Amino acid sequence: MKSFTKFIIEANYMRFLKKNKNLTDDQRNDINDFFSKESPQAGSQFDWQNRKVRKMDFSDFESHMMKTPAGSRKLLKKIKIPGSKGDDYWPMRIKNKSFIANIPLNQETAEYMNSCKYGNLLVNYCIGWGDDASYWDDHVIDEQKVPVYVIDGRKKWVVMIKDGNNSYEVWDKMNDKDVSKGNPEPIPGFSIKKELLGSSQKKLYNEIREDFYGEENRHEEAEPDFSDAQDSYDEFTDAMEKAYTDLENAREDQESEMEEIRQKTLSKYEKIRDKWEPIYSELDETVTDIEEFLESDEETFEYKGVQYTKESIDIIYDKLKEQFEEAEEEYNTADNAYDEIDDMSVWDMYPNSDEYEWEGEVPDEDYQNEYEQNIDIPELSYYDDYAEYYENYIGGDSNSANIKQAVWEYVYEAGYGDSARSALEKAGLYRP
């Protein structure tokens, strides 16, 4: 019969637990049963007598329960494994009640046993990697090792029983094998030899190998998933197209700026030519008339209302001739410059930056090349998923000169054209 004090303790625990809506009825009963029997003083830790109830879930109590053998055993009994015994897992009979041990009969169960759903402990054993069954095939199908997952409620190990059933490896939670080397008892308080290497267990291991770990149980090699590589390739080509577009936009901006300078310069030379054309024409006509007079039989020549003899016209002629040559040079210079600039494309202005008096700054060819080279051209090696695909499945080098040249051609020459795609594909760059 319970004492009144014990009855009050249990009653008060349940009152506290019932106020925690995060707990199921079964969880409340398990917690109350454990603390009233095994740890009646724990109430002070949870402050269960306080009117203001702390909101707690089962894991808050689990951490305390695991600290005692009784609590650990209680929690171990609660562990469930999906599937069915004999098809998906096999429970081992363990004398030491502080531990449980189960054998996964397939890779899917090993994946579950890796997870925190199995014993609230997360481990990283490669045989339970959900995205890669090759390790299960390597260690279990090929090497015929039987994995035994051992839990004490606080830690998890996998004991790999080797073919022949006389030796084993023990992997810790970080998948480091073999922690049993030089350590005959790698699991504290658990005798592997006594618990897992008896004659009946050895017979069980052989039966499991025959029924579940045969060649027919090998996983088919999964088709490679290239979705990440495809996305990475799309990002890579998007970056190339952006570089091409940026270059085209930069060139259009340059072309617009340079065309404005070209038109202003044309206008300037046109005005100079128009200014000198009548002067040049008039002087040309006058000088020609004087030269004809000098070769003629006429005695006088009228210039600006004054009659000149052949002797007196010499000084006037020399002066007019000098003015004519100056006007001719000014006119021809302006006229030639106008014609040359009028026939010139804006891209021809760079190598002729010093040839004319431009109405604005025209940088030289080196500046133009440097400007264009500043366009951000993507590098394949920066796109990890596709670079990995390219190197592993194409056998290429993501840093090769051929790749850089193909990308350069795409950006600087061909743009979206077929020749650009052809250059990429010739270098091995195509979508998976």
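Following the working numbering, the numbering of the sequence shown begins with 873 at its first residue and continues without gaps.
For each residue, glycine too, the CB sits at the ideal point set by N, CA and C.
Only a predicted model underlies this, so the values are computations on that prediction, with no experimental measurement involved.
Same chain, Cβ closer than 8 Å to residue i, five either side skipped, listed in chain order
| i | result |
| --- | --- |
| Gln-1179 | Thr-1172, Phe-1173 |
| Thr-981 | Ile-953, Pro-954, Gly-955, Asp-960, Tyr-961 |
| Leu-1138 | Tyr-1210, Ile-1213, Asp-1214 |
| Tyr-1085 | Val-1012, Ile-1013, Gln-1016, Val-1018 |
| Met-1216 | Arg-1134, Asn-1224 |
| Asp-1118 | Ile-1247, Asp-1248 |
| Met-873 | Model confidence at Met-873 stands at a pLDDT of 46, short of 50, so the residue's coordinates are unreliable; what they give is reported in the following sentence. Nothing listed; no residue qualifies. |
| Lys-957 | Pro-963 |
| Glu-1263 | Asp-1269, Ser-1270 |
Presumed contact (8 Å Cβ cut-off) between residue i and residue j, rounded CB distance
| i | j | result |
| --- | --- | --- |
| Pro-1304 | Phe-1098 | 4 Å |
| Asn-974 | Glu-1067 | Not a contact, Cβ separation roughly 13 Å. |
| Asn-1115 | Val-1283 | Note that residue 1115 is Ala in the sequence shown here, rather than Asn. Going by Cβ atoms, the distance from Ala-1115 to Val-1283 rounds to 5 Å, so yes, they are a contact pair. |
| Asp-1226 | Arg-1145 | Going by Cβ atoms, the distance from Asp-1226 to Arg-1145 rounds to 21 Å, so no, they are not a contact pair. |
| Lys-950 | Leu-993 | With a Cβ gap of about 14 Å, Lys-950 and Leu-993 do not count as contacting. |
| Tyr-1105 | Tyr-1258 | 5 Å |
| Tyr-1239 | Ala-1199 | Between Ala-1199 and Tyr-1239 the Cβ distance is about 37 Å, and since that is not below 8 Å, they are no contact. |
| Ile-1187 | Tyr-1175 | No, Ile-1187 and Tyr-1175 are not in contact; Cβ-Cβ is about 11 Å, not under 8 Å. |
| Pro-1058 | Val-1042 | 4 Å |
| Glu-971 | Val-1030 | At residue 971 the sequence reads Phe, which differs from the Glu that was named. The Cβ separation is near 13 Å, so there is no contact. |
| Met-985 | Gly-1000 | 6 Å |
| Glu-1202 | Trp-1148 | 5 Å |
| Leu-1252 | Ile-1266 | So it is not a contact: roughly 11 Å between Cβ atoms. |
6 Å CB neighbourhood of residue i in its chain, flanking five on each side removed
| i | result |
| --- | --- |
| Gln-1111 | Residue identity differs from the one stated: residue 1111 is Ala in this sequence, not Gln. Closer than 6 Å at the Cβ level, and outside the excluded window around Ala-1111, lie Pro-1250. |
| Ala-1005 | Gln-979, His-1091 |
| Tyr-1141 | Ala-1206, Ala-1209, Tyr-1210 |
| Leu-1301 | none |
| Ala-1295 | Ala-1278, Glu-1281 |
| Leu-1069 | none |
| Met-1130 | Val-1218, Met-1221 |
| Phe-876 | Bear in mind that the predicted position of Phe-876 carries a pLDDT of just 41, short of 50, making it too unreliable to give a figure here. |
Residues that DSSP places opposite residue i in a beta bridge
| i | result |
| --- | --- |
| Asn-974 | Pro-963, Tyr-1021 |
| Tyr-1040 | Ile-1033 |
| Gln-1102 | Gln-1102 is not bridged to any residue. |
| Lys-1028 | Ile-1023 |
| Phe-1173 | Tyr-1180 |
| Lys-957 | Tyr-961 |
Residue i (DSSP reduced to helix, strand or coil)
| i | result |
| --- | --- |
| Glu-1285 | helix |
| Glu-1297 | helix |
| Val-995 | coil |
| Phe-1062 | coil |
| Glu-1260 | helix |
| Asp-1003 | coil |
| Asp-1161 | helix |
| Thr-1117 | helix |
| Arg-1134 | helix |
| Lys-1276 | helix |
| Lys-969 | coil |
| Thr-981 | helix |
| Trp-1230 | coil |
| Ile-1188 | helix |
| Arg-1081 | helix |
| Asn-1204 | helix |
| Asp-1156 | helix |
| Asp-1214 | helix |
| Arg-1090 | coil |
| Pro-1235 | coil |
| Gln-1310 | Because the chain here runs from 873 to 1304, residue 1310 falls outside it and cannot be looked at. |
| Lys-1193 | helix |
Own chain residues within Cβ distance below 7 Å of residue i, not counting five before or after
| i | result |
| --- | --- |
| Glu-1297 | none |
| Ile-880 | Per-residue confidence for Ile-880 stands at a pLDDT of 43, beneath the threshold of 50, marking its modelled position as unreliable; the derived number appears in the next sentence. Closer than 7 Å at Cβ, skipping near neighbours: no residue. |
| Gln-1102 | Arg-1303, Pro-1304 |
| Leu-1166 | Lys-1182 |
| Glu-1107 | Tyr-1255 |
| Ile-966 | Ile-972, Ala-973, Glu-1067 |
Tell me, please, whether the region 1076–1083 touches the region 1263–1276 by the rule of three or more beta-carbon pairs shorter than 8 Å. no
Check your understanding: Is the region 1220–1235 touching the region 1134–1152, taking contact as three or more C-beta pairs under 8 Å?
Key -> yes
| said: Below 8 Å, how does it come out for the region 1188–1200 and the region 1144–1164: are there three or more Cβ pairs, yes or no? | reply: yes
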